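Peer 1: Chains as they are written, first to last, in our numbering: chain A, 360 to 581; chain B, 8 to 423.
The structure that follows is given in the form of structure tokens.
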Amino acid sequence: MYKSLLYKEWIKTRSGIACLAVIFLGVGIYSFMKINESIRLLGIVNLWETAVQKDPAMFPQFKYLPLLAGILLAIMQYVPELQFKRLKLTLHLPLNENKILLTMLFYGVIAVLSLLLITLPILLLGLGQRFPSEIVWANFQQLAPWFLAGPAAYLITAWVCLEPQWKQRILNIIPGIIALSFFFLRAKSGGYQPFDPYLILLVIVAFFFAFYSTARFKEGVQ
Amino acid sequence: MMKNKESIYILVLLFVTLVALWGIPELVKTATYSNDRYPFVYFSSTEKKLLFKEFDGREDALHDDEGKVYTDKEYDAALPLLNFRQLTVNGEMPDSIDGIAIDPRELRVKQVNFRYGPLNKNTPNPGLYIMYESLPKKAKLESPGDLFRLKNKIEFIDAASNRVNKQKSEQFQTALLKAGYAFPAQWTSGNLNIRKPYDEGYFSLDAQGQLYHIKMVNGRPFIKNTQLDSQIEPAFFAMEEVADKRFYGFLFDKKGNSYILEEDGGKYKTVQLDIDPIHLDADELMIIGNFLYWTVAVQTDKEKHFYALQTETLKRVRYAFVEAKVNKWEDISGKIFPFYLTFRDKHSEYIAPHLHFTAFTAWIANVLLAVLSLFIFHRKSNKKKIFIGIYTLIFGIAGLVALLIMGSSTSRKSPL
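This is the structure we're talking about:
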């Protein structure tokens with residue numbers, strides 16, 4: 360049963376995942392082209408010195424990409440469920456409804472995380488070819504909250520999408536957007552370090568939100 | 008699912024409350040926050056008083072610390088070392104002050120402008136530095152083409168190859184160990200900017216709390232223990248390349264005392280600024296100095312202190328302080344938010360949650376809101392009303408907004 364459920368999720372999202380993978384690959388290649396251009400124009404010495412004196416962030420292009428990936432994947436997975444109340448059928452499968460939702464959420468989170476966890480080491484290892492470990496570490500710290508926004512955006516969008524009532528859906532969007540802004544506060548590279556554990560906690564907590572929406576759906580709230 | 012619905016509802020409600028606890032005060036702050044408009048203060052070398060220039064448009068905008076009001080012309084004349092150019096153009100610049108002839112060159116090279124704030128200390132540091140040649144063959148400093156790290160050992164990393172320059176690293180490592188430097192380093196401070204007038208390298212605190220001077224002279228390491236007085240426990244050093252090379256920079260110890268670090272016949276000497284200790288994680292310090300006196304301003308959260316120090320001895324000759332005006336934001340937050348959440352602290356570049364407690368009187372607002380919440384949710388059962396009342400009493404506006412967002416559509420079937 361799980362296998363069929365996962366296959367259903369795969370059918371819904373495979374084209375989207377492929378698109379996102381292409382976008383991540385494209386932006387990744389473009390980022391390295393920009394870094395190489397800076398090396399050519401300014402020289403590597405100058406670039407190193409600027410990195411330690413100003414800000415070592417080398418991948419500004421990736422700022423909103425994980426967020427976008429999370430939102431897109433959740434929409435692809437849950438909007439079809441809401442059309443013609445297909446979710447009702449899904450929840451009537453011969454499986455515990457909590458387990459069904461758990462499987463769907465896990466599928467989505469793992470899909471987003473895979474995309475991000477494949478990208479992150481490629482970016483950092485690539486950067487490590489021409490930059491010392493301190494600058495690579497600073498870039499990891501810069502990317503960490505942006506990448507954590509990916510699963511957070513996925514889970515918050517799932518919470519909003521699965522909410523059965525339009526009015527409540529809009530009300531959920533407001534705290535959802537504000538919470539996602541926590542991942543994009545203006546900070547120097549490394550400035551987010553004390554805040555990262557709280558962002559991880561937020562992602563874990565957000566995992567449960569969709570269960571509230573489906574419970575309301577089950578009750579027939581309209 | 009129904010069994011867990013209540014606990015998940017509470018989780019979502021707490022999440023929305025937390026978001027509102029940050030978001031609502033942030034909005035109110037954006038609408039009401041204004042900077043503390045402190046006056047500009049400078050010590051008059053002729054009047055021997057601190058002169059104030061206020062910016063709030065009042066009539067006695069120019070006055071001294073005894074309340075005497077000045078005209079524009081009197082103010083300019085009382086601060087000849089600040090308004091040097093204007094007075095020279097007008098032909099009103101005195102030749103001497105207290106019998107000391109005014110030499111334009113000395114006036115220029117003895118000028119000091121320094122600013123310290125907690126943001127200088129509480130900021131992420133990548134841990135890489137540039138070692139310039141302190142005795143360059145050319146007038147300008149040149150980029151060495153490598154960076155160095157100094158933590159468990161010193162290593163120079165060549166930018167072209169991204170590899171450790173073993174020979175140079177070993178040369179410095181041996182010199183550091185020979186000078187008695189104990190690894191790992193606690194912190195290293197220097198000015199990385201190539202446009203500085205000259206280079207004095209870095210000051211680094213070793214594992215045993217000893218402050219070392221590290222620089223490169225003629226391509227070779229120059230490393231010396233400053234051998235500070237054991238009473239001084241260095242907390243922060245700010246390199247300041249002053250034109251007359253009188254001192255290396257400003258040193259602050261863990262007790263908040265401020266010093267300048269001077270060169271003294273091949274040794275190092277500290278001269279303490281005769282000001283009260285500052286709180287390095289909260290206070291700002293500004294120094295504007297001339298060849299006779301330094302005017303030092305220390306701004307805390309509640310007030311600003313002004314000191315006039317004699318340039319030679321750094322002994323205090325005058326003192327004044329101004330209390331902060333109540334900020335509109337502080338006034339409002341003290342009335343409507345008993346506590347609120349921020350992620351940014353004005354004293355730190357790091358993002359972290361901070362819970363701020365304001366005035367006890369703000370709880371009155373929460374009591375009123377709790378009563379209001381009972382009216383809004385009057386159709387709910389008594390059990391739910393008790394929960395709503397207590398929740399609003401604790402979380403105030405944020406709690407009520409969260410209840411309205413999460414409870415508005417579920418009048419019949421909401422779990423609470």
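A virtual CB, placed ideally from N, CA and C, is assigned to each residue, including glycine.
Remember, predicted model here, so these are calculated numbers, not experimental data.
#1: Tell me which same chain residues have a C-beta within less than 8 Å of the C-beta of Ser103/B, skipping the five on either side of it?
#2: Any Cβ of chain A within less than 8 Å of the Cβ of Asn159/B?
#3: Considering only the beta carbon of each residue, do Leu69/B and Tyr82/B sit closer than 8 Å?
#4: Nearest by alpha-carbon distance to Trp407/A: which of Lys56/B, Pro133/B, Leu89/B, Tyr300/B is it?
#5: Looking at Leu482/A and Phe576/A, is the spacing between their C-beta atoms short of 8 Å?
#6: Which residues of chain A have a Cβ atom closer than 7 Å to the Cβ of Ser150/B, listed in chain order?
#7: Are there three or more Cβ pairs, one per stretch, closer than 8 Å when the stretch 305 to 322 of chain B is compared with the stretch 36 to 56 of chain B?
#8: Just checking: is the beta-carbon of Ile358/B within a distance shorter than 8 Å of some beta-carbon in chain A?
#9: To test your reading of the DSSP string, which unbroken alpha helix (DSSP H) runs of 4 or more residues are found completely within the stretch 72 to 130 of chain B?
#10: Count the other CB atoms, across all protein chains shown, that sit within 10 Å of the CB of Met392/A; report buried if there are 16 or more and exposed otherwise.
#11: I need the boundaries of the beta strand (DSSP E) containing Ala315/B, first residue and last residue.
#12: With 16 as the cutoff for other CB atoms within 10 Å, does Val96/B come out buried or exposed?
#13: Count the other CB atoms, across all protein chains shown, that sit within 10 Å of the CB of Leu28/B; report buried if there are 16 or more and exposed otherwise.
#14: Output yes if chain A places a C-beta closer than 8 Å to the C-beta of Ile371/B; else output no.
#15: Quick one: what's Gly256/B bridged to in DSSP?
#16: With a threshold of 16 other CB atoms inside 10 Å of the CB of Pro143/B, please say whether the residue is buried or exposed.
#17: Taking any Cβ of chain A, which residues in the stretch 152 to 181 of chain B have a Cβ under 7 Å from it, in chain order?
#18: Could you give the distance in angstroms between the alpha-carbon of Ile161/B and the alpha-carbon of Tyr326/B?
#19: Measure from the C-beta of Lys547/A to each C-beta in chain B and report whether the shortest distance is under 8 Å.
#20: What does Leu199/B touch in chain A if you count any residue whose Cβ is under 7 Å from its own?
#21: State yes or no: is the C-beta of Ile339/B within less than 8 Å of the C-beta of Gly550/A?
#22: Nearest-angstrom Cα distance between Lys222/B and Glu149/B?
#23: Would you mind reading off the limits of the beta strand (DSSP E) that contains Asp213/B?
#24: Note down the Cα distance separating Asn169/B from Pro415/A, rounded to an integer number of angstroms.
#25: When Cβ atoms are compared, which residues of the stretch 450 to 470 of chain A fall closer than 8 Å to chain B?
Peer 2: To lay it out plainly:
#1: The residues are Ile109.
#2: Interface criterion not met: the Cβ of Asn159/B is under 8 Å from no Cβ in chain A.
#3: yes
#4: Pro133/B
#5: no
#6: Val404, Glu408
#7: yes
#8: At least one C-beta of chain A is nearer than 8 Å to the C-beta of Ile358/B.
#9: 79 to 85, 91 to 97, 111 to 116, 125 to 128
#10: exposed
#11: 310 to 317
#12: exposed
#13: Per the 10 Å Cβ criterion, buried.
#14: no
#15: For Gly256/B, which the question treats as bridged, DSSP gives the partners Met246/B, Leu268/B.
#16: exposed
#17: Gly152, Leu154, Arg156, Ile164, Ala166, Ala167, Asn169
#18: 45 Å
#19: Answer yes: the Cβ-Cβ gap between Lys547/A and chain B drops below 8 Å somewhere.
#20: Val411, Gln412
#21: no
#22: 14 Å
#23: Note, Asp213/B: premise wrong, no beta strand (DSSP E); not H, not E.
#24: Pairing Asn169/B with Pro415/A, the inter-Cα distance amounts to about 16 Å.
#25: Glu456, Asn457
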